[in-house]
Amino acid sequence: MGDYKLRKIIEKKQNGSELTSEDIDYFVSAVKKTIQNKSDNNGEEIADRCQIGAMLMAIYLKGFSDFETNQLTLKMRDSGHVFQWPDELKNRIVDKHSTGGVGDKISLILVPALAACGLLIPMISGRSLDHTGGTLDKLEAIKKFSSSLEEREIQDSIASIGCCIAGQTSNSSIVSKKLSENPYAIAYDVKFGRGAIFKSKTDALETAIGLVKASRPVKAVALLTSMEGPLGRSIGDSLEVLETIDCLKGSGPKDIIELVEALGGELLRLTIGGNKGNISETLKNGTALRKFHDMVINQHTDPETANELCYGDPNKALRGENLHVTNFIYSGEDGFIEAIDPLVLGKVWKEEYSLSSRNPRVGFLLKKSLGDEIKQGDVWMEFHHQQDEIVPEKRTLLNNAITVSKQRVERKLIGKIIYMKEDSVMVEDY
0 MGDYKLRKII
10 EKKQNGSELT
20 SEDIDYFVSA
30 VKKTIQNKSD
40 NNGEEIADRC
50 QIGAMLMAIY
60 LKGFSDFETN
70 QLTLKMRDSG
80 HVFQWPDELK
90 NRIVDKHSTG
100 GVGDKISLIL
110 VPALAACGLL
120 IPMISGRSLD
130 HTGGTLDKLE
140 AIKKFSSSLE
150 EREIQDSIAS
160 IGCCIAGQTS
170 NSSIVSKKLS
180 ENPYAIAYDV
190 KFGRGAIFKS
200 KTDALETAIG
210 LVKASRPVKA
220 VALLTSMEGP
230 LGRSIGDSLE
240 VLETIDCLKG
250 SGPKDIIELV
260 EALGGELLRL
270 TIGGNKGNIS
280 ETLKNGTALR
290 KFHDMVINQH
300 TDPETANELC
310 YGDPNKALRG
320 ENLHVTNFIY
330 SGEDGFIEAI
340 DPLVLGKVWK
350 EEYSLSSRNP
360 RVGFLLKKSL
370 GDEIKQGDVW
380 MEFHHQQDEI
390 VPEKRTLLNN
400 AITVSKQRVE
410 RKLIGKIIYM
420 KEDSVMVEDY
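FYI, in numbering that gives the first Met the number 0 the residues of the sequence shown are 0 to 429.
Laid out in structure tokens, this is it:
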């Protein structure tokens with residue numbers, strides 16, 4: 000009976016033994032049948048939820064070897080649809096994943112820039128988690144934009160314009176979700192710091208190494224990046240789309256451009272050749288903006304709205320009602336901005352976003368950023384909010400989110416680069 004075989008596999012992991020490829024395949028198949036709530040015709044039984052929980056607990060307590068992690072990733076990938084690409088396109092299919100951060104709109108800029116360089120990006124992305132915004136939520140701030148694409152629509156998008164950003168299935172791991180795109184190369188942006196999932200650089204590095212290992216045989220690279228402050232100057236779906244357009248016109252914030260060029264340069268290096276200079280050129284000459292324009296139309300936004308977004312008044316292309324805008328004025332001693340707590344801004348944004356029935360125009364616009372000089376009386380931030388008044392506790396929390404020092408502190412955005420060299424993981428300063 001299938002139930003008995005699954006029990007033996009669970010016991011094997013509970014005893015600390017390494018599972019075989021066949022063991023992992025059996026477990027994934029059992030879980031898939033549980034989700035589908037059916038059995039096949041060969042007499043195998045689906046797993047009950049207690050068995051799934053027991054296996055996950057055994058994995059948590061005993062750990063997974065690199066081999067087991069890689070096999071689980073591949074089995075999960077193969078449990079659903081895996082895109083197949085013509086031979087002439089295979090070495091140009093790429094993707095990028097971020098562990099998430101406040102103000103992170105990198106994908107919105109990177110995807111069209113890569114497409115303008117000749118790479119193909121069938122990005123499967125996600126939604127907001129906790130205090131960080133989701134790529135799909137940001138794009139859906141654009142009127143009529145749809146992230147719900149069928150498999151055939153994704154393939155047609157790649158054939159016609161070279162890129163798309165679509166929604167994901169609900170039951171994939173980070174890596175297996177990405178590998179289902181059947182990419183030739185993938186880049187990971189693994190963040191650490193106050194506004195990131197990983198507070199310590201050590202935890203982020205461990206995760207980055209695991210992601211690169213689990214991606215084999217796909218070529219993979221990871222960048223370890225700081226999230227001690229918001230990325231860019233905007234937080235919130237509509238505001239981040241506006242900042243995206245600025246970046247695609249070559250005039251975005253320095254940190255956003257630096258990270259887009261770094262990730263894009265690595266993907267070019269792993270595939271058709273090139274470097275971050277090629278990415279920079281697409282932002283300056285308008286070809287990345289044109290790709291974004293075409294992608295938005297391809298994902299159901301009408302051409303008039305897309306033209307307004309990219310070449311007219313982008314505010315007119317965004318959903319949601321206009322909001323109250325409150326300026327935050329700095330009242331401390333003159334100096335230089337050392338930190339702006341991204342966790343505070345992210346959590347306040349998420350709360351206000353929920354209270355406003357998910358109005359995409361809710362958010363923050365930073366008038367000053369890390370390293371900038373600031374003087375008493377300067378407006379350092381705008382808060383776009385639905386509620387008539389900001390409660391005193393929230394106002395105090397936001398006022399305290401900024402830290403100022405006498406000396407300018409330089410921000411190092413990218414710390415490490417992680418990649419595979421043959422069978423060894425390489426970790427180097429960037």
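All C-beta atoms in this analysis are idealised placements derived from N, C-alpha and C, irrespective of residue type, glycine included. Computed from a predicted model, the values in this text were never measured in an experiment.
Proximal residues to residue 170 (C-beta, below 6 Å), its chain only, five neighbours per side dropped: Here residue 170 scores only 45 on pLDDT, less than 50, and its place in the model should not be relied on; the value that follows carries that caveat. No residues qualify anywhere along the chain.
C-alpha distance - residue 74 paired with residue 401, whole-angstrom precision: 46 Å
Whole beta strand (DSSP E) elements within the region 72–160, 3-residue minimum: 93–97 and 120–124
To the nearest angstrom, report how far apart residue 100 and residue 336 are at their CA atoms. 20 Å
Taking the alpha-carbon of residue 244 as reference, which of 141, 407, 372 and 177 has the nearest alpha-carbon? 141
Are residue 256 and residue 219 closer than 8 Å when you measure CB to CB? Their beta carbons are not under 8 Å apart, which means residue 256 does not touch residue 219 by this criterion.
For residue 148, collect the residues of the same chain with a Cβ closer than 8 Å to its Cβ; drop the 5 residues on either side in sequence, then sort them by chain order. 156, 163, 165, 166 and 298
Suppose only complete runs of 3+ residues qualify. What are the beta strand (DSSP E) ranges in the region 350–378, listed by chain order? 362–365
Please work out which residues of its chain come closer than 7 Å, Cβ to Cβ, to residue 12, disregarding the five sequence neighbours upstream and downstream, and give them in chain order. 18, 54, 57, 58 and 61
Can you name the residues that DSSP bridges to residue 436? No information on residue 436 is available, as it lies outside the stretch 0 to 429 that the chain covers here.
Alpha carbon to alpha carbon, how far is residue 26 from residue 38? Give it in angstroms, no decimals. Because the pLDDT at residue 38 is just 47, under 50, the model does not fix this residue reliably, and the value given afterwards should be weighed accordingly. Looking at the two C-alpha atoms, the distance is approximately 14 Å.
Roughly how far, in whole angstroms, is the beta-carbon of residue 67 from the beta-carbon of residue 23, given that I think they are within contact range, below 8 Å? Yes, they are in contact, since the Cβ atoms of residue 67 and residue 23 sit about 7 Å apart, within 8 Å.
I'd like to know if the region 318–326 and the region 365–385 are in contact, where contact means that at least 3 CB-CB pairs between them fall below 8 Å. yes
Alpha carbon to alpha carbon, how far is residue 115 from residue 408? 35 Å
Identify the residues that DSSP records as bridge partners of residue 425: which are they? 418
Residue 117 versus residue 15 - alpha carbon distance: 47 Å
Which one or two residues does DSSP pair with residue 402 in a beta bridge? 338
Is it buried or exposed for residue 130, if we count other Cβ within 10 angstroms and need 16 for buried? buried
What's the gap between the Cα of residue 393 and the Cα of residue 347? 8 Å
Pair within 8 Å by beta-carbon distance, residue 270 and residue 183: yes
Do you know offhand how far residue 1's Cα is from residue 10's? Reliability of the predicted coordinates at residue 1 is poor, the pLDDT of 49 falling under 50, and the value obtained from them is presented with this limitation in mind. Roughly 14 Å between the two C-alpha positions.
Between the Cα of residue 406 and those of 282, 160, 176 and 370, spot the shortest distance and give me the residue it belongs to. 370
Let me make sure I understand the geometry here. Which of 274, 412, 338 and 49 has the alpha-carbon closest to that of residue 373? 338
When the distance is taken between beta carbons, is residue 288 closer than 8 Å to residue 247? Yes, the Cβ-Cβ distance between residue 247 and residue 288 is below 8 Å.
Selection from 383, 340, 343 and 378 that minimises the alpha carbon distance to residue 359: 383
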